[in-house]
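This report concerns only the one structure given below.
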Amino acid sequence: MDMTQIPVPYFCIDRDYHILTASGQAEAIFAEAGSLLDLIDEGSVGKATAYIAPSHANVKVELIMKTRSAPLALVDVYQSWDEVGTGHIVCICQSREFQMVTEQLQRLHEDLKEPERKHSAVKVPSGGGAVTMRIRELSAALTTIRELVDLLYPSLLEMNQTVYADIIKQQIDRALQDAAAGYPQAGKRSPGR
């Protein structure tokens with residue numbers, strides 16, 4: 001059977017995660033890569049190396065992967081392994097609602113990364129007052145969202161459903177780091193917080 005004709009996103013890998021074969025669907029969804037790990041977001045690589053293995057055959061794993069259409073996509077990874085250590089991996093992208101939240105976070109991340117481009121109509125005084133104020137507002141909003149996610153986290157942990165919260169927290173943290181790096185004074189909190 002020609003594995004490239006399988007009508008789902010399928011990868012045949014070795015024990016070291018090198019891609020031996022990929023289906024046409026996999027090539028359409030994921031960028032070309034020599035290793036399955038190259039397609040996985042850096043925050044999920046540890047989970048992938050721990051759970052995508054012959055010792056976890058037939059176990060579904062949720063990973064954040066990079067696709068051609070989105071920088072981050074939540075993917076259900078199904079795996080089976082044969083006796084010689086060849087892995088058969090099927091990757092199914094999860095719901096559109098999650099993708100919409102991810103895209104919104106990505107846009108917010110980009111806004112914080114390049115505020116001068118998004119706010120070019122705003123006249124920026126020598127101290128960058130208007131842009132700095134906007135970054136402070138966005139940083140405060142992101143910090144509040146982060147704190148709310150932290151409050152929900154124990155309940156999600158009990159249900160073994162923390163993957164969405166982890167993704168949201170990663171994106172918020174990255175956006176806050178970018179804001180602080182681009183405008184260090186924007187990342188400072190007032191003494192009352």
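Every letter in the sequence shown is one number past the one before it in the UniProt record's numbering, and letter 52, counting from 1, is 52.
Glycine included, each C-beta is placed from N, C-alpha and C at the ideal position.
With distances taken Cα to Cα, identify the nearest neighbour of Ser-44 among Ala-26, Lys-66 and Val-59.
Lys-66
Given a cut-off of 9 angstroms on the beta-carbon distance, is the pair Cys-91 and Phe-11 in contact?
yes
According to the neighbour-count rule (16 or more other Cβ atoms, all chains shown, within 10 Å of its Cβ), is Asp-150 buried or exposed?
exposed
Considering only residues of the same chain and omitting the five flanking positions on each side of Ala-175, which have a CB-CB separation below 7 angstroms?
Leu-108, His-109, Leu-112 and Leu-142
Span of the beta strand (DSSP E), counted from its first residue to its last, around Val-61
61 to 65
Mark Ser-23 as exposed unless 16 or more other C-beta atoms lie within 10 angstroms of its C-beta, in which case mark it buried.
buried
Please confirm whether Leu-74 and Ile-167 have their CB atoms less than 9 angstroms apart.
The Cβ atoms of Leu-74 and Ile-167 lie closer than 9 angstroms to each other.
Alpha carbon to alpha carbon, what distance is there between Lys-169 and Leu-152?
12 angstroms
Do you know whose CA, among Gln-106, Pro-154, Val-131 and Arg-136, lies nearest Ile-172's CA?
Gln-106
Any idea if Asp-41 is buried or exposed, counting beta-carbon neighbours within 10 angstroms, 16 or more meaning buried?
buried
Reference Met-133, options Ala-179, Thr-49, Arg-68 and Pro-7, closest by Cα
Ranking the options by Cα distance to Met-133, first place goes to Ala-179.
Counting only the same chain and skipping the five closest in sequence on each side, list residues whose C-beta sits under 8 angstroms from that of Gln-5.
Counting only Cβ-Cβ distances below 8 angstroms, and skipping sequence neighbours, we find Ser-23 and Gly-24.
Report back the beta-carbon spacing between Ile-13 and Ile-89 to the nearest angstrom; my notes put them in contact at under 8 angstroms.
6 angstroms
By how many angstroms is the C-alpha of Glu-83 removed from the C-alpha of Asp-76?
Each residue's alpha carbon lies about 23 angstroms from the other.
Confirm, please, whether the CB-CB distance from Pro-9 to Ala-31 is below 9 angstroms.
Pro-9 sits away from Ala-31, with the two beta carbons spaced by 9 angstroms or more.
According to DSSP, residues forming a beta bridge with Asp-76:
Glu-62 and Ile-92
Checking 9 angstroms against the spacing of the C-beta atoms, do Leu-63 and Lys-47 come in under that value?
yes
Go through its chain and collect everything with a Cβ distance to Glu-147's Cβ below 8 angstroms, but skip five positions before and after it.
none
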